[in-house]
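Chemist: Which chain is which? The protein sequence lines are A and B, in order.
To convert, take the position in the first sequence, counting from 1, and add 252; that gives the numbering used here.
To convert, take the position in the second sequence, counting from 1, and add 183; that gives the numbering used here.
What follows is a single structure, and I will ask about it in a moment.
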Amino acid sequence: MLHIVACIKQVPDTKIIKMNPKTNTMDRRTAPAILNPYDAHAVEEAVRLKERYGGIVSVLTMGPPPAVSAIKKCVEIGADEGYLITDRRFAGADTLATSYALSKALDKIAKQQPIDLVICGKMSIDGDTGQVGPGIARRLDIPPLTSVNKVVEINQEEGYAIVHRKLEDGFEVVRSTLPCMFSVEKTINEVPYSPLPNVIRAARYKPHIWSVDDLEEVDIKQLGLKGSPTIVSRVWAPQKPAGGTFLEGNPAAQVDQLLSVLLEKKELFETKEEI
Amino acid sequence: MDFQDYKGVWVFIEQKDGEVASVSLELLGAGRKLADKRGVELAGILIGENVKNLTKTLFEYGADTVYVYDQPIFKHYRTETYMKALLECTEKHKPEIILYGATSTGKDLASAVATDMPTGLTADTTELDVEEDTGLLLASRPAFGGNIMATILCKKYRPQMATVRAKVMKALPPEPGRIGKVVEETISLKEEDIRTKVLEIVKETVKKVRIDEADIIVAGGKGLGSYEGFQLVHQLAETLGGAVGASRDVVEAGWIDHPHQVGQTGVTVTPKIYFAIGISGAIQHIVGMKNSGLIIAINKDKEAPIFQTCHYGIVGDAFEVVPILIEQFKKAISRDKVIK
Ligand SMILES: Cc1cc2nc3c(=O)[nH]c(=O)nc-3n(C[C@H](O)[C@H](O)[C@H](O)COP(=O)(O)OP(=O)(O)OC[C@H]3O[C@@H](n4cnc5c(N)ncnc54)[C@H](O)[C@@H]3O)c2cc1C
Ligand SMILES: Cc1cc2nc3c(=O)[nH]c(=O)nc-3n(C[C@H](O)[C@H](O)[C@H](O)COP(=O)(O)OP(=O)(O)OC[C@H]3O[C@@H](n4cnc5c(N)ncnc54)[C@H](O)[C@@H]3O)c2cc1C
């Protein structure tokens, strides 16, 4: 029986986010919190592997108390258990402190049921560093496999996994010992609409909620802002360019003007070698 | 930690099939500026099998020193082997700054290395500077889907590390015959101790789309209305011998595949000419094309943000303007033979 843990993050929906132009902070009221879209694919893959090989899927998140709703979303997709670690002392974490806190929670989860596989999303849509997955793997001392876009085989008895890792011009087939960590591409699967029984279960589901004190052997200095080597020193809005020249007139006249501009700059059309 | 011990700027050199990745050459250009400002050496760290011959190129592009690990165990990129070499080399020579390309390999390696060191790692940097006297790296990056820019600092740890987006920094013009110091290193790693094996590398046979190398890109957006409407973009691209680009919404609608997507979650491009047709100009799109030589926008909404970024704007209906454009270009081509 496989035990797969998907790490998930609740994020503001950056698509409709509004920034306060004076402070360059995000206006939280305008940005509803959602499950990081990449993480939905991580959970979906975990659920598919469970269906293929048998096992249980847990999800883990670090975040403020409202992150419970992201866990519920994962239960809708098919997760069995959810864990939220939440504590003021986690706040302000960069990726190093985030992977530290998550690895301590994973240690505790593993005590209840050993973990065979950790699955992360490719990246979050807010911090969008993609650094947390490999960070977790290093802290647990398990192989990190990033850019995974297909799981060929998981063999728990013999203790290995075979996956495809996406490359720029194709993919590579990699075999790794278990346990290991995958960060998965969006293309690995499609997340279907959740079946009704899952939705009902999710509505009632109460995740495990832990604070720092519930975790073991935690070095407080490595948590949150204190444990973060990087600091965000200045935030600003990307500069707005000045804008271009409008070509006036009817479409034919506009095209004429454009052509005369372009044809004057012949160097624009001197192609390099054929590619 | 004594900061005095940490000196020099390093660039992790990515290579494949006997060639240095262009992002690594760009980073040597960026690293050169940082190193000169600090009055220190610029070094490349090169890991692989049969890669020693690449050092010449690295010197020509600005490196003073190249640390080389040339061993069969490094034939394929694997996080654990490359990480061990990098950690060992850093421990020995103590650089102040290490830059990596923000490619999948660069990000994978840098994330692992940063965790083990430990030190801070700034992701997807698009602007770099260094404080002359303190050596503090000022690495700035877009976040929140490009809605803001943030400068990230790592004050208390060395080395300072950042991954840097491709096509943002500029490589120096190569200086033929420029030479430097090669430092050959070896590390004892046994294949049987490594937990991952690359079983096979499969090159996709489909004609690979590399729009980031095209001189002319004709990109279309949701404004083209449908898959059929989007064919207009293909027609103009074909007329000009250019590549086809797209906004994310077009890719999500399934009108074209993801390798054509320009922007934050697609590719960054710098062609000589970029046409944006029926593209509104969301910040996530702009970050991927704003450094193009000449940007031409066609949009029926005069207020569309794309007009802020373009050099020439045509307010009009794509279905009226583009067919005339195609026709006129065809005439110009047969008349002037300007375009191949
Ligand atoms: C403007 C800004 C810029 C920043 N820049 C940097 C930077 O350059 N370097 C840096 O180290 N930090 C940076 N941070 C901090 C960083 O965003 C946080 O550390 C964040 O908690 C995790 O990083 P991420 O969002 O990039 O996750 P990613 O690494 O992009 O996430 C990858 C995967 O890890 C898992 N994961 C991530 N977070 C959690 C979580 N809280 N709980 C469970 N699973 C999780 C998910 O599976 C996710 O798909 C920045 C923050 C801000 C606000
Ligand atoms: C985290 C994140 C990452 C993202 N990454 C990317 C990315 O990499 N690349 C990207 O492109 N987007 C990205 N986006 C999405 C981005 O925010 C926009 O939603 C997207 O770029 C809009 O695409 P569009 O311009 O084609 O469509 P729309 O915004 O719908 O614009 C259509 C435009 O067409 C014009 N139009 C309509 N009809 C006509 C006509 N007949 N003739 C001429 N003009 C017409 C309209 O006036 C309008 O301006 C990202 C978003 C997020 C949140």
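Even glycine gets a Cβ: it sits at the ideal position worked out from N, Cα and C.
Taking contact to mean 3 or more Cβ pairs, one atom from each stretch, closer than 8 Å, check whether the stretch 294-310 of chain B and the stretch 323-337 of chain B are in contact.
Modeler: Result yes; three or more Cβ-Cβ pairs closer than 8 Å.
Chemist: Sort A:Thr266, A:Val327 and A:Pro481 by Cα distance to Val295 (chain A) and report the nearest one.
Modeler: Closest by alpha carbon: A:Val327.
Chemist: Buried or exposed: Glu367 (chain B), going by 16 or more other Cβ atoms within 10 Å of its Cβ?
Modeler: It counts as exposed.
Chemist: Measuring straight from C-alpha to C-alpha, what distance separates Met253 (chain A) and Val311 (chain A)?
Modeler: Taking the straight line from one Cα to the other gives about 17 Å.
Chemist: Give me the Cα-Cα distance between Leu514 (chain A) and Ser517 (chain B), rounded to the nearest whole angstrom.
Modeler: Roughly 15 Å between the two C-alpha positions.
Chemist: According to the Cβ coordinates, are Ile406 (chain A) and Leu301 (chain A) closer than 8 Å?
Modeler: Yes. Within cutoff.
Chemist: Apart from the five residues just before and just after Ile527 (chain A), which ones in its own chain have a Cβ nearer than 6 Å to its Cβ?
Modeler: Interpretation of Ile527 (chain A) is limited by its pLDDT of 34, a score under 50 that renders its predicted location unreliable; the figure taken from the coordinates is listed afterwards. Around Ile527 (chain A): no qualifying Cβ.
Chemist: Name the chain B residues that come within less than 7 Å of Val484 (chain A), Cβ to Cβ?
Modeler: Residues of chain B passing the Cβ test: Ala333 and Ile335.
Chemist: Given 7 Å as the limit, tell me if Ala362 (chain A) has its C-beta closer than that to any heavy atom belonging to ligand 1.
Modeler: No.
Chemist: Whose beta carbon lies closer than 5 Å to any heavy atom of ligand 2, going through the chain in order?
Modeler: Result: A:Thr266, A:Lys267, A:Ile377, B:Gly328, B:Gly404, B:Lys405, B:Gly406, B:Ser430, B:Arg431, B:Asp432, B:Gly446, B:Gln447, B:Thr448, B:Gly449, B:Gly461, B:Ile462, B:Ser463, B:Ala465, B:Gln467, B:His468, B:Asn482, B:Lys483, B:Asp484, B:Ala487, B:Asp500 and B:Ala501.
Chemist: Within 10 Å of its beta-carbon, does Thr439 (chain A) have 16 or more other beta-carbons around it, so buried, or fewer, so exposed?
Modeler: Under this definition Thr439 (chain A) is an exposed residue.
Chemist: Which residues in chain B have a C-beta closer than 9 Å to the C-beta of Thr497 (chain A)? List them in chain order.
Modeler: Going along chain B in sequence order, the residues near Thr497 (chain A) (Cβ under 9 Å) are Cys493, His494, Tyr495 and Gly496.
Chemist: Quick check on the burial criterion: 16 or more other C-beta atoms within 10 angstroms. Buried or exposed for Gly306 (chain A)?
Modeler: Exposed is the call here.
Chemist: Please report the Cβ distance between Ile228 (chain B) and Leu270 (chain B), rounded to the nearest whole angstrom; I am assuming they are in contact, meaning their Cβ atoms lie under 8 Å.
Modeler: That pair is no contact at about 11 Å.
Chemist: Beta-carbon separation of Ser446 (chain A) and Arg417 (chain A) under 8 Å?
Modeler: Contact: no.
Chemist: Going by beta-carbon coordinates alone, are Leu382 (chain B) and Val415 (chain A) separated by less than 8 Å?
Modeler: It is not a contact, given that the beta carbons lie outside the stated cut-off.
Chemist: For ligand 1, is there a heavy atom less than 7 Å away from the beta-carbon of Gln414 (chain B)?
Modeler: Not under cutoff, so the answer is no.
Chemist: Do you know how far the Cα of Leu282 (chain B) is from the Cα of Thr334 (chain B)?
Modeler: Answer to the nearest angstrom: the Cα atoms are 16 Å apart.
Chemist: Using only the heavy atoms of ligand 1, determine whether one of them is closer than 7 Å to the beta carbon of Met472 (chain B).
Modeler: It does not: the Cβ of Met472 (chain B) is nowhere closer than 7 Å to a heavy atom of ligand 1.
Chemist: Among residues of its own chain, excluding the 5 on either side of Tyr340 (chain B), which ones have a beta-carbon nearer than 8 Å to its beta-carbon?
Modeler: Met184, Met300, Pro301, Thr302 and Gly303, listed in sequence order.
Chemist: Is Phe498 (chain A) helix, strand or coil by DSSP?
Modeler: Phe498 (chain A) falls in the strand class under three-state DSSP.
Chemist: Please report the distance separating the alpha-carbon of Gly379 (chain A) from that of Thr347 (chain A).
Modeler: Roughly 9 Å between the two C-alpha positions.
Chemist: If you check the beta carbons only, do Leu225 (chain B) and Val203 (chain B) fall under 8 Å apart?
Modeler: Their beta carbons are not under 8 Å apart, which means Leu225 (chain B) does not touch Val203 (chain B) by this criterion.
Chemist: Please list, in chain order, the residues of the stretch 202-233 of chain B that have any C-beta partner in chain A closer than 9 Å.
Modeler: Answer in chain order: no residues at all.
Chemist: At a Cβ threshold of 8 Å, is Ala292 (chain A) touching chain B?
Modeler: Judged by the 8 Å Cβ criterion, Ala292 (chain A) is not in contact with chain B.
Chemist: Determine, for Ile377 (chain A), whether the minimum Cβ-Cβ distance to residues of chain B falls below 8 Å.
Modeler: Chain B contact via Cβ: present.
Chemist: Would DSSP call Glu420 (chain A) helix, strand or coil?
Modeler: Looking at Glu420 (chain A) - three-state DSSP - the assignment turns out to be coil, as it is neither helix nor strand.
Chemist: Evaluate contact between the stretch 444-454 of chain B and the stretch 347-364 of chain B, counting only Cβ atoms and requiring at least three cross-stretch pairs below 8 Å.
Modeler: The stretch 444-454 of chain B, when compared against the stretch 347-364 of chain B, does touch it at the 8 Å Cβ threshold.
Chemist: Assign Pro395 (chain A) to one of two classes, buried (16 or more other C-beta atoms within 10 Å of its C-beta) or exposed (fewer than that).
Modeler: Pro395 (chain A) should be labelled buried.
Chemist: Nearest chain A C-beta to Ala326 (chain B) closer than 8 Å, yes or no?
Modeler: Ala326 (chain B) counts as touching chain A.
Chemist: CB-CB under 7 Å to Pro317 (chain A), same chain, minus the five flanking residues each way: which ones, in chain order?
Modeler: Hits under 7 Å: Thr338.
Chemist: Would you give the residue range spanned by the alpha helix (DSSP H) that Gly412 (chain B) belongs to?
Modeler: It spans Tyr410 to Leu423 - the alpha helix (DSSP H) in which Gly412 (chain B) sits, taken as one unbroken run.
Chemist: Apply the 10 Å Cβ neighbour rule to Gln262 (chain A) and answer buried if 16 or more other Cβ atoms are within range, or exposed otherwise.
Modeler: Buried.
Chemist: My output table needs one value for Met266 (chain B): the three-state DSSP class, helix, strand or coil.
Modeler: In this structure, Met266 (chain B) counts as helix in the three-state DSSP scheme.
Chemist: Would DSSP call Phe327 (chain B) helix, strand or coil?
Modeler: Reduced to three states, the DSSP call for Phe327 (chain B) is coil.
Chemist: Starting from Tyr252 (chain B), trace the beta strand (DSSP E) in both directions and tell me its first and last residue.
Modeler: Per DSSP, Tyr252 (chain B) belongs to the beta strand (DSSP E) from Thr248 to Asp253.
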